[in-house]
Amino acid sequence: MHNFDANKDIPTIDLMTKGRVPKVPVVGTPVTQLYAPPMNGITMEHLKNNYEAIVNAKAIFYPVAYQFLKELGRGRQGRVFMGLRQGARGCITEQAIKVFDPEIYRNTEEYWTDMGRIAFQISKLQRLQSPNLVAMSSYEETCGIGYVQLEAIDGVDLGYFMSREHLEFTRRKSSPKEWARLTKTIFRLKGDKVTLQPGVAVYILRGVLRGLERLHAINFLHSDIKPENIMIDRLGNVKVVDFGRAVMAGEKVSFLLGSPLYMAPEIHRREIGGIQSDFYSVGLVALEMLRGEKIAHHNEVTESELMQMKSDLPRHLEELLPSHVMANKDLVTILRKFIEPDPIGRFSSAQEAEVGEGGLRVIDHQLVQAGLSSEYGRDLSEYLSKLVDENTQRIELNRDRS
Numbered sequence: 241m242h243n244f245d246a247n248k249d250i251p252t253i254d255l256m257t258k259g260r261v262p263k264v265p266v267v268g269t270p271v272t273q274l275y276a277p278p279m280n281g282i283t284m285e286h287l288k289n290n291y292e293a294i295v296n297a298k299a300i301f302y303p304v305a306y307q308f309l310k311e312l313g314r315g316r317q318g319r320v321f322m323g324l325r326q327g328a329r330g331c332i333t334e335q336a337i338k339v340f341d342p343e344i345y346r347n348t349e350e351y352w353t354d355m356g357r358i359a360f361q362i363s364k365l366q367r368l369q370s371p372n373l374v375a376m377s378s379y380e381e382t383c384g385i386g387y388v389q390l391e392a393i394d395g396v397d398l399g400y401f402m403s404r405e406h407l408e409f410t411r412r413k414s415s416p417k418e419w420a421r422l423t424k425t426i427f428r429l430k431g432d433k434v435t436l437q438p439g440v441a442v443y444i445l446r447g448v449l450r451g452l453e454r455l456h457a458i459n460f461l462h463s464d465i466k467p468e469n470i471m472i473d474r475l476g477n478v479k480v481v482d483f484g485r486a487v488m489a490g491e492k493v494s495f496l497l498g499s500p501l502y503m504a505p506e507i508h509r510r511e512i513g514g515i516q517s518d519f520y521s522v523g524l525v526a527l528e529m530l531r532g533e534k535i536a537h538h539n540e541v542t543e544s545e546l547m548q549m550k551s552d553l554p555r556h557l558e559e560l561l562p563s564h565v566m567a568n569k570d571l572v573t574i575l576r577k578f579i580e581p582d583p584i585g586r587f588s589s590a591q592e593a594e595v596g597e598g599g600l601r602v603i604d605h606q607l608v609q610a611g612l613s614s615e616y617g618r619d620l621s622e623y624l625s626k627l628v629d630e631n632t633q634r635i636e637l638n639r640d641r642s
């Protein structure tokens, strides 16, 4: 065993004790991991302990050495960390690492079966090249715990971007003229609400749809589109992330796909989803950007109440959306098509939703003709540059900044 000090340099493989393979891969302490464990005899308790040990040690030793610098996010499936990967001859690279938590699984067989699904998924998705999809390079396991190596995106997720947490900090770093222009282009601020201007919302939605178009082209569904799984990088590019729930179209699975608040009605009914299920989730994200709040707080409503709410949603947009959004009939028609309860009534493809006759490109053309369009990617890049830490030269989401 090798004891790791998270405050020191990341250990090399040479520093690890070789040849001492335990019969059962049990992690002894929160800062100790065993080398090359076999799977025979492992229990769920062992897996849970091993997962906690990895998280607490902020490191992975085998088969590749990583040191975790900070946590980027967490969800039901596990946690995502920014990590340093040590390669040959001292080559240190930054990677995002998603570590899968066994807690939500009933037994080890179910956990490893799902890890097999994810490994297959990475094999397929790794070949995709799109500026609107996070790049994934490999699936590995250590001490029985699965993890995925991802592109490290220097940016923010849409959920954070739609919050007020960064506004005061960026305002202080902007001149009055800069602040007036950026807020006019990107945000509409009214009381406690932060809504996005229609133009920048459409820009973000089109980026999401281009990512989904590539994903759907190889017969995969994302299955978990939500603000936290949409990133805006430092250059203003939109990227869809977190493919932990991605499945082949028509595939039967033993778990509920997606996040309840954003999932399509047919998924609530435990039906097999299609590409239209992803579009429904895109529609709910669009509503959230344009109205400045979620359609509900998931912990305050039952699933049956959420299903009824989604069934009624297209008929109640005028009660939910600001007047300046409702004034654009084409935009409202597009939103209704995204959130149509019957999947047959939604868009037939991501391309149709983005650039079809009744797609989002229509709104872009209207903004250009009205002289209200902007270089939204550049505007977002300029805004996010104000969140860059002078020491790390990365965007740092320190929510206690003063």
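For the sequence shown, my numbering assigns the number 241 to the initial residue and increments by one for each residue that follows.
Backbone N, C-alpha and C define an ideal beta-carbon position, used for all residues, glycine too.
Bear in mind the structure is a predicted one, so any value in this text is a computation, not a measurement.
How is residue i classed by DSSP in three states: helix, strand or coil?
i	result
glutamine 633	coil
threonine 283	coil
methionine 402	coil
aspartate 473	strand
phenylalanine 340	strand
glutamine 335	strand
lysine 430	strand
arginine 367	coil
leucine 580	Note that residue 580 is glutamate in the sequence shown, not leucine. Correct three-state label for glutamate 580: coil.
valine 478	strand
leucine 627	coil
leucine 620	helix
leucine 561	coil
leucine 651	Since the first residue shown for the chain is 241 and the last is 642, residue 651 is missing from the structure and cannot be characterised.
The beta strand (DSSP E) spanning residue i covers which residue range?
i	result
valine 608	That residue, valine 608, is in no beta strand (DSSP E); its alpha helix (DSSP H) goes 601-609.
leucine 312	305-315
tyrosine 302	Per DSSP, tyrosine 302 belongs to no beta strand (DSSP E) and is neither H nor E.
phenylalanine 679	No information on residue 679 is available, as it lies outside the stretch 241 to 642 that the chain covers here.
aspartate 464	Segment: none, aspartate 464 is in no beta strand (DSSP E) and carries neither H nor E.
aspartate 397	395-397
threonine 382	376-382
Ends of the alpha helix (DSSP H) at residue i?
i	result
glutamate 418	416-426
isoleucine 385	Note, isoleucine 385: premise wrong, no alpha helix (DSSP H); beta strand (DSSP E) at 385-390.
glutamate 594	590-595
glutamine 548	543-552
glycine 585	No alpha helix (DSSP H) contains glycine 585, which DSSP labels as neither H nor E.
isoleucine 444	438-457
leucine 407	407-412
Can you give me the C-alpha to C-alpha distance between residue i and residue j, rounded to a whole angstrom?
i	j	result
arginine 510	lysine 569	33 Å
leucine 627	asparagine 477	16 Å
serine 517	cysteine 331	42 Å
methionine 402	glycine 281	47 Å
glycine 431	glycine 532	11 Å
glycine 327	isoleucine 385	21 Å
asparagine 347	leucine 560	43 Å
serine 378	leucine 475	25 Å
tyrosine 302	glycine 617	39 Å
serine 625	tyrosine 443	19 Å
isoleucine 505	asparagine 631	According to the sequence displayed, residue 505 carries proline and not isoleucine. Straight-line Cα distance between these residues: approximately 46 Å.
glutamine 335	glutamate 381	16 Å
Starting from the C-beta of residue i, find all residues in its chain whose C-beta is less than 7 Å away, skip the five residues before and the five after it, and write them out in chain order.
i	result
asparagine 469	Val480, Val481 and Asp482
For residue i, I'd like the list of residues in its chain whose CB is within less than 8 Å of its CB, leaving aside the five on either flank, ordered along the chain.
i	result
isoleucine 423	Isoleucine is not the amino acid found at residue 423; the sequence shown has threonine there. Hits under 8 Å: Leu429.
valine 448	Asn372, Ile465, Ile470, Val478, Val480, Val522 and Val525
threonine 333	Leu324, Arg325 and Gly327
Would the beta-carbon of residue i be found less than 8 Å away from any heavy atom of the ligand FAD?
i	result
methionine 471	For the ligand FAD, the structure offers nothing, since it holds no ligand at all.
4 or more residues per run - each alpha helix (DSSP H) lying fully within the region 485-531
Runs of the alpha helix (DSSP H) inside the region 485-531: 505-508 and 515-531.
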